[in-house]
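What follows is a single structure, written as C-alpha coordinates, with notes after it.
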Amino acid sequence: VTRPLSDVLVLDFSHVIASPVVGRSLLEHGATVIKLVTYARPRRHLFDEEANAGKLTYELSLDTEAGKARLWALLRAADVLIDGYTDGVLARHGFAIDDVLGVCPHLVYCQVACYGFDGPFAGKKGFQQNANFCAGVAGLEDEELLGYQLVSQIDYATGFLGAYAVVLGLTRRRL
2 VTRPLSDVLV
12 LDFSHVIASP
22 VVGRSLLEHG
32 ATVIKLVTYA
42 RPRRHLFDEE
52 ANAGKLTYEL
62 SLDTEAGKAR
72 LWALLRAADV
82 LIDGYTDGVL
92 ARHGFAIDDV
102 LGVCPHLVYC
112 QVACYGFDGP
122 FAGKKGFQQN
132 ANFCAGVAGL
142 EDEELLGYQL
152 VSQIDYATGF
162 LGAYAVVLGL
172 TRRRL
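Taking the numbering used here, the leading residue of the sequence shown gets 2, the next gets one more, and so forth.
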(Lines of atoms letter the chains of each structure in order from A and count residues from 1; the text may use other names and numbers.)
(Lines give C-alpha, C1' and ligand atoms only; values in the text may rest on other atoms or scores of the structure.)
Protein backbone atom coordinates (compact mmCIF):
# COMPACT_ATOMS: atom_id res chain seq x y z
CA VAL A 1 0.00 0.00 0.00
CA THR A 2 1.38 3.40 -0.98
CA ARG A 3 1.02 5.89 1.82
CA PRO A 4 0.29 9.56 1.09
CA LEU A 5 3.73 10.91 2.03
CA SER A 6 5.80 8.14 0.43
CA ASP A 7 7.59 10.64 -1.84
CA VAL A 8 8.51 13.04 0.99
CA LEU A 9 12.00 13.33 2.51
CA VAL A 10 12.19 14.88 5.98
CA LEU A 11 15.31 16.07 7.79
CA ASP A 12 14.77 16.01 11.53
CA PHE A 13 16.82 18.14 13.96
CA SER A 14 14.82 17.34 17.08
CA HIS A 15 15.03 15.99 20.60
CA VAL A 16 12.85 14.82 23.50
CA ILE A 17 9.12 14.63 22.51
CA ALA A 18 7.32 17.50 20.76
CA SER A 19 9.54 18.04 17.72
CA PRO A 20 10.41 14.33 17.22
CA VAL A 21 6.68 13.53 17.14
CA VAL A 22 6.36 15.80 14.09
CA GLY A 23 8.74 13.53 12.19
CA ARG A 24 7.33 10.33 13.65
CA SER A 25 3.82 11.35 12.56
CA LEU A 26 5.03 12.09 9.02
CA LEU A 27 6.86 8.75 8.98
CA GLU A 28 3.65 6.95 9.92
CA HIS A 29 2.13 8.35 6.73
CA GLY A 30 4.97 7.16 4.53
CA ALA A 31 7.64 9.89 4.65
CA THR A 32 11.30 8.98 4.84
CA VAL A 33 12.60 10.71 7.96
CA ILE A 34 16.30 11.20 8.60
CA LYS A 35 17.08 12.09 12.20
CA LEU A 36 20.22 14.21 12.17
CA VAL A 37 22.27 13.62 15.31
CA THR A 38 25.60 14.52 16.76
CA TYR A 39 26.96 12.08 19.27
CA ALA A 40 28.55 15.00 21.13
CA ARG A 41 25.02 15.84 22.30
CA PRO A 42 23.58 13.55 25.00
CA ARG A 43 20.89 11.20 23.72
CA ARG A 44 17.67 10.49 25.61
CA HIS A 45 17.20 6.85 24.74
CA LEU A 46 13.76 6.51 26.34
CA PHE A 47 12.44 9.20 24.01
CA ASP A 48 14.41 7.82 21.06
CA GLU A 49 12.53 4.53 21.32
CA GLU A 50 9.16 6.25 21.50
CA ALA A 51 9.31 9.32 19.27
CA ASN A 52 12.08 8.32 16.87
CA ALA A 53 11.26 4.69 16.08
CA GLY A 54 11.52 3.94 12.38
CA LYS A 55 13.59 7.01 11.50
CA LEU A 56 16.90 6.70 9.72
CA THR A 57 19.76 8.14 11.76
CA TYR A 58 22.58 10.16 10.25
CA GLU A 59 25.44 11.56 12.29
CA LEU A 60 26.35 15.10 11.31
CA SER A 61 28.63 17.67 12.92
CA LEU A 62 27.86 21.29 12.08
CA ASP A 63 31.19 22.24 13.66
CA THR A 64 33.04 21.05 10.54
CA GLU A 65 33.00 22.32 6.96
CA ALA A 66 32.40 18.75 5.75
CA GLY A 67 29.35 18.45 8.01
CA LYS A 68 27.97 21.77 6.79
CA ALA A 69 28.48 20.73 3.16
CA ARG A 70 26.65 17.44 3.85
CA LEU A 71 23.74 19.32 5.41
CA TRP A 72 23.45 21.69 2.42
CA ALA A 73 23.36 18.65 0.10
CA LEU A 74 20.67 17.01 2.22
CA LEU A 75 18.63 20.23 2.37
CA ARG A 76 18.64 20.53 -1.43
CA ALA A 77 17.18 17.01 -1.67
CA ALA A 78 14.72 17.30 1.23
CA ASP A 79 11.09 18.38 1.25
CA VAL A 80 10.85 19.21 4.97
CA LEU A 81 13.17 20.43 7.72
CA ILE A 82 12.09 20.03 11.34
CA ASP A 83 13.97 22.41 13.64
CA GLY A 84 13.31 21.52 17.25
CA TYR A 85 16.38 23.23 18.63
CA THR A 86 16.37 26.43 20.64
CA ASP A 87 15.81 29.38 18.32
CA GLY A 88 19.11 30.47 16.77
CA VAL A 89 21.08 27.23 17.16
CA LEU A 90 21.06 26.39 13.45
CA ALA A 91 21.63 30.06 12.56
CA ARG A 92 24.81 30.12 14.67
CA HIS A 93 26.10 27.26 12.51
CA GLY A 94 25.34 29.07 9.25
CA PHE A 95 21.82 27.76 8.66
CA ALA A 96 19.56 30.71 9.46
CA ILE A 97 16.01 30.15 8.24
CA ASP A 98 16.25 32.93 5.62
CA ASP A 99 19.53 31.52 4.28
CA VAL A 100 18.13 27.98 4.12
CA LEU A 101 14.94 29.07 2.37
CA GLY A 102 16.98 31.30 0.03
CA VAL A 103 18.92 28.25 -1.18
CA CYS A 104 16.02 25.78 -0.85
CA PRO A 105 12.78 27.70 -1.51
CA HIS A 106 10.90 24.41 -1.97
CA LEU A 107 11.54 23.40 1.65
CA VAL A 108 8.75 23.27 4.23
CA TYR A 109 10.45 24.54 7.41
CA CYS A 110 8.85 23.48 10.70
CA GLN A 111 10.10 25.09 13.92
CA VAL A 112 8.93 23.87 17.31
CA ALA A 113 9.63 25.89 20.46
CA CYS A 114 8.19 25.77 23.96
CA TYR A 115 7.72 29.53 24.28
CA GLY A 116 7.47 30.69 20.67
CA PHE A 117 9.75 33.09 18.85
CA ASP A 118 8.94 36.48 20.36
CA GLY A 119 8.07 37.78 23.78
CA PRO A 120 9.95 37.62 27.08
CA PHE A 121 10.72 33.87 26.91
CA ALA A 122 11.66 33.69 23.21
CA GLY A 123 14.78 31.63 22.72
CA LYS A 124 14.49 29.92 26.11
CA LYS A 125 14.64 26.15 26.38
CA GLY A 126 11.65 24.35 27.81
CA PHE A 127 9.35 21.38 27.90
CA GLN A 128 5.66 20.94 28.61
CA GLN A 129 6.17 21.00 32.35
CA ASN A 130 7.99 24.36 32.11
CA ALA A 131 5.16 25.77 30.03
CA ASN A 132 2.64 24.49 32.60
CA PHE A 133 4.38 26.51 35.31
CA CYS A 134 4.60 29.64 33.16
CA ALA A 135 0.92 29.39 32.28
CA GLY A 136 -0.08 28.91 35.92
CA VAL A 137 -1.55 25.46 35.35
CA ALA A 138 1.03 23.82 37.62
CA GLY A 139 0.01 26.09 40.48
CA LEU A 140 -3.44 24.53 40.71
CA GLU A 141 -3.87 22.55 43.90
CA ASP A 142 -5.83 19.68 42.42
CA GLU A 143 -4.09 16.33 43.03
CA GLU A 144 -5.87 14.70 40.09
CA LEU A 145 -4.81 17.52 37.74
CA LEU A 146 -1.24 17.41 39.06
CA GLY A 147 -0.90 13.77 37.99
CA TYR A 148 -2.31 14.68 34.60
CA GLN A 149 0.41 17.32 34.15
CA LEU A 150 3.17 14.74 34.48
CA VAL A 151 2.02 13.07 31.25
CA SER A 152 3.39 14.86 28.19
CA GLN A 153 0.09 15.12 26.32
CA ILE A 154 0.75 18.73 25.26
CA ASP A 155 4.15 17.73 23.84
CA TYR A 156 2.46 15.01 21.77
CA ALA A 157 -0.33 17.35 20.66
CA THR A 158 2.29 19.90 19.62
CA GLY A 159 3.99 17.24 17.51
CA PHE A 160 0.72 16.19 15.87
CA LEU A 161 -0.18 19.82 15.10
CA GLY A 162 3.31 20.38 13.71
CA ALA A 163 2.88 17.39 11.39
CA TYR A 164 -0.50 18.76 10.30
CA ALA A 165 1.13 22.13 9.53
CA VAL A 166 3.83 20.37 7.48
CA VAL A 167 1.19 18.53 5.44
CA LEU A 168 -0.56 21.86 4.81
CA GLY A 169 2.77 23.32 3.67
CA LEU A 170 3.40 20.38 1.34
CA THR A 171 -0.12 20.68 -0.06
CA ARG A 172 0.30 24.40 -0.68
CA ARG A 173 3.64 23.78 -2.39
CA ARG A 174 2.04 21.23 -4.72
CA LEU A 175 -0.90 23.46 -5.71
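For each residue, glycine too, the CB sits at the ideal point set by N, CA and C.
Residues near residue i by beta carbon distance below 8 angstroms, same chain, minus five either side
{"i": "residue 40", "result": "60"}
{"i": "residue 171", "result": "6, 9, 80, 81, 109"}
{"i": "residue 99", "result": "none"}
{"i": "residue 173", "result": "none"}
As assigned by DSSP and simplified to three states, the class of residue i
{"i": "residue 59", "result": "strand"}
{"i": "residue 36", "result": "strand"}
{"i": "residue 110", "result": "strand"}
{"i": "residue 120", "result": "coil"}
{"i": "residue 2", "result": "coil"}
{"i": "residue 161", "result": "helix"}
{"i": "residue 69", "result": "helix"}
{"i": "residue 89", "result": "coil"}
{"i": "residue 176", "result": "coil"}
{"i": "residue 64", "result": "coil"}
{"i": "residue 99", "result": "helix"}
{"i": "residue 155", "result": "helix"}
{"i": "residue 41", "result": "coil"}
{"i": "residue 26", "result": "helix"}
{"i": "residue 170", "result": "helix"}
{"i": "residue 54", "result": "coil"}
Residue of the options minimising C-alpha distance to residue i
{"i": "residue 84", "options": "35, 70, 67", "result": "35"}
{"i": "residue 175", "options": "156, 106, 31", "result": "106"}
{"i": "residue 31", "options": "51, 52, 56, 37", "result": "56"}
{"i": "residue 166", "options": "24, 118, 69, 127", "result": "24"}
{"i": "residue 94", "options": "69, 37, 4, 54", "result": "69"}
{"i": "residue 22", "options": "2, 102, 163, 71", "result": "163"}
{"i": "residue 26", "options": "37, 4, 38", "result": "4"}
{"i": "residue 91", "options": "29, 15, 33, 50", "result": "15"}
{"i": "residue 54", "options": "120, 78, 29, 73", "result": "29"}
Strand pairing of residue i, partner residues [DSSP]
{"i": "residue 13", "result": "36, 83"}
Neighbourhood of residue i by C-beta, 6 angstroms cutoff - its chain only, sequence neighbours within 5 removed
{"i": "residue 19", "result": "113, 156, 159, 160"}
8 angstroms contact criterion, which residue i and residue j should meet: CB distance rounded
{"i": "residue 12", "j": "residue 76", "result": "7 angstroms"}
{"i": "residue 115", "j": "residue 127", "result": "3 angstroms"}
{"i": "residue 65", "j": "residue 38", "result": "Contact doesn't hold; Cβ gap of about 15 angstroms is too wide."}
Close Cβ partners of residue i (< 7 angstroms) along its chain, the five nearest in sequence each way excluded
{"i": "residue 88", "result": "114, 118, 123, 124"}
{"i": "residue 102", "result": "108, 110"}
{"i": "residue 71", "result": "61"}
Contact test: residue i Cβ vs the ligand NAD heavy atom, cutoff 7 angstroms
{"i": "residue 86", "result": "Looking for the ligand NAD in the displayed structure turns up nothing, as the structure carries no ligands at all."}
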